[in-house]
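Chains as they are written, first to last, in our numbering: chain F, 97 to 327; chain E, 97 to 327. Glycine included, each C-beta is placed from N, C-alpha and C at the ideal position.
There are 2 protein chains.
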Amino acid sequence: MVRFMTETPDLPSEGERSPGGHETPVPKAVVARLSLYSRELQHLIHEGLETTNSSQLGKRLGVTDAQVRKDLAYFGQFGYPGIGYRCSELAEQIRRILGTSELWSVALIGVGNLGHALLRYRGFAKQGFRIDAAFDIAPQLIGTRIEGLEVLPMSSLREAVQRGVRLAILTVPASAAQHVAEQVAEAGIVGVLNFAPVTLSLPDHVAVAGVDLAIELEQLAFAVVNRGPKG
Amino acid sequence: MVRFMTETPDLPSEGERSPGGHETPVPKAVVARLSLYSRELQHLIHEGLETTNSSQLGKRLGVTDAQVRKDLAYFGQFGYPGIGYRCSELAEQIRRILGTSELWSVALIGVGNLGHALLRYRGFAKQGFRIDAAFDIAPQLIGTRIEGLEVLPMSSLREAVQRGVRLAILTVPASAAQHVAEQVAEAGIVGVLNFAPVTLSLPDHVAVAGVDLAIELEQLAFAVVNRGPKG
Numbered sequence: 097m098v099r100f101m102t103e104t105p106d107l108p109s110e111g112e113r114s115p116g117g118h119e120t121p122v123p124k125a126v127v128a129r130l131s132l133y134s135r136e137l138q139h140l141i142h143e144g145l146e147t148t149n150s151s152q153l154g155k156r157l158g159v160t161d162a163q164v165r166k167d168l169a170y171f172g173q174f175g176y177p178g179i180g181y182r183c184s185e186l187a188e189q190i191r192r193i194l195g196t197s198e199l200w201s202v203a204l205i206g207v208g209n210l211g212h213a214l215l216r217y218r219g220f221a222k223q224g225f226r227i228d229a230a231f232d233i234a235p236q237l238i239g240t241r242i243e244g245l246e247v248l249p250m251s252s253l254r255e256a257v258q259r260g261v262r263l264a265i266l267t268v269p270a271s272a273a274q275h276v277a278e279q280v281a282e283a284g285i286v287g288v289l290n291f292a293p294v295t296l297s298l299p300d301h302v303a304v305a306g307v308d309l310a311i312e313l314e315q316l317a318f319a320v321v322n323r324g325p326k327g
Numbered sequence: 097m098v099r100f101m102t103e104t105p106d107l108p109s110e111g112e113r114s115p116g117g118h119e120t121p122v123p124k125a126v127v128a129r130l131s132l133y134s135r136e137l138q139h140l141i142h143e144g145l146e147t148t149n150s151s152q153l154g155k156r157l158g159v160t161d162a163q164v165r166k167d168l169a170y171f172g173q174f175g176y177p178g179i180g181y182r183c184s185e186l187a188e189q190i191r192r193i194l195g196t197s198e199l200w201s202v203a204l205i206g207v208g209n210l211g212h213a214l215l216r217y218r219g220f221a222k223q224g225f226r227i228d229a230a231f232d233i234a235p236q237l238i239g240t241r242i243e244g245l246e247v248l249p250m251s252s253l254r255e256a257v258q259r260g261v262r263l264a265i266l267t268v269p270a271s272a273a274q275h276v277a278e279q280v281a282e283a284g285i286v287g288v289l290n291f292a293p294v295t296l297s298l299p300d301h302v303a304v305a306g307v308d309l310a311i312e313l314e315q316l317a318f319a320v321v322n323r324g325p326k327g
């Protein structure tokens with residue numbers, strides 16, 4: 097379904113090869129840029145633009161127009177000669193590629209401070225993710241309500257999966273993360289977003305993404321260090 | 097100090113041009129990849145590798161070897177013919193470029209749930225960021241201690257800046273973010289990491305980075321949707 101095209105005969109890096117081995121997967125960096133293109137298109141639409149092109153999109157994100165076209169070429173043919181891309185159409189096509197044109201039902205595991213904060217985070221719903229269930233292991237938390245959700249015991253996770261929950265956000269202490277992640281995988285969750293600063297080892301059929309918040313601070317540090325004199 | 101090199105005559109996108117206009121800045125995407133190279137080098141060092149090359153680094157991150165070399169070429173000449181890059185040396189060089197070879201002192205503004213969680217987040221210190229001060233506007237919080245830090249009133253921020261705090265992490269409600277950010281800028285903070293899902297407008301001499309946690313979920317959704325059959 098997805099073709100692999102680069103100028104050089106790159107092999108997919110470890111962990112990116114699809115378990116079946118039949119298709120060559122798309123590099124992670126390309127998928128990451130899809131999210132950025134999607135946000136940029138949302139901004140362009142918000143600014144009232146109907147069309148854009150690879151050069152404009154690229155400039156706003158600091159990549160070449162050739163890179164934009166190459167990234168999109170993994171997924172098919174987009175845009176129109178002499179017009180470029182229609183913003184809303186490309187935005188919807190990218191949502192379809194990312195799998196976010198439909199709503200995802202998400203479980204939050206670990207209702208500590210970070211869990212609380214994410215239950216309230218408004219940025220998720222805007223992009224098609226709804227936190228529908230909250231879980232914890234602490235007996236004193238189970239049965240309480242946080243942001244309108246009843247905190248459930250881990251034993252109820254399988255039931256939530258049967259009700260349609262597919263992803264889990266893991267906001268548990270680093271020391272508990274691997275153990276909890278295994279329970280999450282056993283319950284049938286297919287994707288885990290891990291906020292604990294540890295690398296999780298899970299079966300191949302469970303996708304795992306880790307959040308590294310320090311990267312954002314690094315980018316900020318660079319911007320500060322390389323800032324010119326006040327204009 | 098920093099040269100701008102691409103195959104096409106890209107102009108920097110808006111907001112990237114340095115205020116002085118004398119130097120053409122490095123595209124944001126290049127700087128973002130520096131963080132990823134840095135993490136990958138940390139992994140390689142952890143795995144016991146002494147040297148690597150643009151092809152290996154690129155493959156692990158899904159970019160071409162040419163892209164790796166081009167990214168690094170913005171900042172000078174790295175690596176050795178016939179050897180490649182020495183991992184620790186390149187890691188240190190990237191830290192120097194990013195500005196994280198020295199410790200940054202950071203203020204956290206807004207000690208709600210997310211603020212609490214970030215005060216405990218161990219991922220920051222590992223990369224050279226230390227949260228040294230916590231601030232809030234709520235009178236009932238001021239004077240209390242969280243994770244060993246006394247919560248201070250906003251009026252003490254200028255003093256913290258004089259003591260060496262340069263960056264601020266903003267974990268305040270979206271409705272308060274712009275107002276608080278302005279106070280932060282006035283106090284002399286030079287970089288703001290904003291967790292509120294709003295775009296801040298600040299003077300040019302203050303660097304701003306926003307955190308979009310939904311991007312991580314999008315990447316996870318893509319991985320789930322495009323996962324092959326269980327291996």
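What did DSSP end up calling residue i once you bin it into helix, strand or coil?
i, result
"leucine 168(F)", "helix"
"asparagine 290(E)", "strand"
"asparagine 322(F)", "coil"
"serine 297(E)", "coil"
"leucine 266(E)", "strand"
"glycine 306(E)", "strand"
"glycine 284(F)", "coil"
"arginine 218(F)", "coil"
"leucine 153(E)", "helix"
"leucine 316(E)", "helix"
"glutamate 246(F)", "strand"
"glycine 180(E)", "strand"
"isoleucine 311(E)", "helix"
"glycine 111(E)", "Bear in mind that the predicted position of glycine 111(E) carries a pLDDT of just 37, short of 50, making it unreliable; the figure below should be weighed with that in mind. Coil."
"histidine 118(E)", "A caution first: histidine 118(E) carries a pLDDT of 38, below 50, which makes its placement in the model unreliable, though a value can still be read off. Reduced to three states, the DSSP call for histidine 118(E) is coil."
For residue i, go through chain E and note every residue whose CB falls closer than 8 Å to its CB, in chain order.
i, result
"alanine 270(F)", "Arg218"
"glutamine 173(F)", "Near glutamine 173(F) there are no residues of chain E at all, since even the closest Cβ is about 19 Å away, more than 8 Å."
"arginine 262(F)", "Val320"
"arginine 135(F)", "Asp308 and Ile311"
What are the boundary residues of the alpha helix (DSSP H) that includes residue i?
i, result
"serine 184(F)", "183-194"
"isoleucine 227(F)", "Per DSSP, isoleucine 227(F) belongs to no alpha helix (DSSP H); it is in the beta strand (DSSP E), 225-231."
"valine 257(E)", "253-258"
"isoleucine 141(E)", "124-142"
What in chain E is Cβ-close to residue i, meaning under 7 Å?
i, result
"valine 126(F)", "Gly158"
"proline 293(F)", "Arg218 and Gly219"
"valine 286(F)", "Val320"
"arginine 254(F)", "Here the premise fails: no neighbours, minimum Cβ distance about 18 Å."
"leucine 289(F)", "Glu312, Leu313 and Leu316"
So residue i packs on residue j, CB below 8 Å; how close in whole Å?
i, j, result
"isoleucine 311(F)", "serine 131(E)", "4 Å"
"valine 276(E)", "valine 268(E)", "5 Å"
"leucine 137(E)", "leucine 186(E)", "6 Å"
"alanine 270(E)", "valine 294(E)", "5 Å"
"valine 307(E)", "phenylalanine 318(E)", "At roughly 20 Å, the Cβ-Cβ gap does not stay under 8 Å, so valine 307(E) and phenylalanine 318(E) are not in contact."
"arginine 226(F)", "glutamate 243(F)", "In fact, because the Cβ distance is near 12 Å, the residues do not count as touching under 8 Å."
"valine 304(F)", "isoleucine 285(F)", "No, valine 304(F) and isoleucine 285(F) are not in contact; Cβ-Cβ is about 11 Å, not under 8 Å."
Mind checking which residues open and close the beta strand (DSSP E) that includes residue i?
i, result
"leucine 204(E)", "200-205"
Who are the neighbours of residue i on chain F, taking C-beta pairs under 7 Å?
i, result
"glutamate 278(E)", "Going along chain F, no residue has its Cβ under 7 Å from glutamate 278(E), so there is no contact; the nearest lies around 16 Å."
"glutamate 146(E)", "Correct list: empty, because the minimum Cβ distance to chain F is about 19 Å."
"leucine 140(E)", "In chain order: nothing, as chain F lies at least about 12 Å away."
"arginine 165(E)", "Ordered by position in chain F, no residue passes the 7 Å Cβ test against arginine 165(E), which lies about 12 Å from the chain."
Quick one: which chain F residues come within Cβ less than 9 Å of residue i?
i, result
"phenylalanine 318(E)", "Val122, Val127, Leu130, Ser131, Ile193, Leu194, Gly195, Thr196 and Ala303"
"asparagine 209(E)", "Gly208, Asn209, Leu210, Gly211, His212, Ala213, Leu214, Leu215 and Arg216"
Hey, would you say the C-beta of residue i is under 8 Å away from at least one heavy atom of the ligand ATP?
i, result
"lysine 166(F)", "Inclusion of the ligand ATP in the displayed structure is not the case, the ligand content being empty and no account of it being possible."
Just to make sure I have the definition right: I need the residues of chain E whose C-beta is within less than 9 Å of the C-beta of residue i. Which are they?
i, result
"phenylalanine 225(F)", "Ala310, Leu313, Glu314 and Ala317"
"valine 257(F)", "The premise fails here: valine 257(F) is roughly 13 Å from chain E at the closest Cβ pair, so nothing lies under 9 Å."
For residue i, return the contacting residues in chain F, with the cut-off set at a CB-CB distance below 8 Å.
i, result
"valine 307(E)", "Leu309 and Glu312"
"arginine 182(E)", "Those within 8 Å of arginine 182(E) in chain F number zero; the least Cβ separation is about 21 Å."
"arginine 241(E)", "Chain F residues near arginine 241(E): none, gap ~15 Å exceeds 8 Å."
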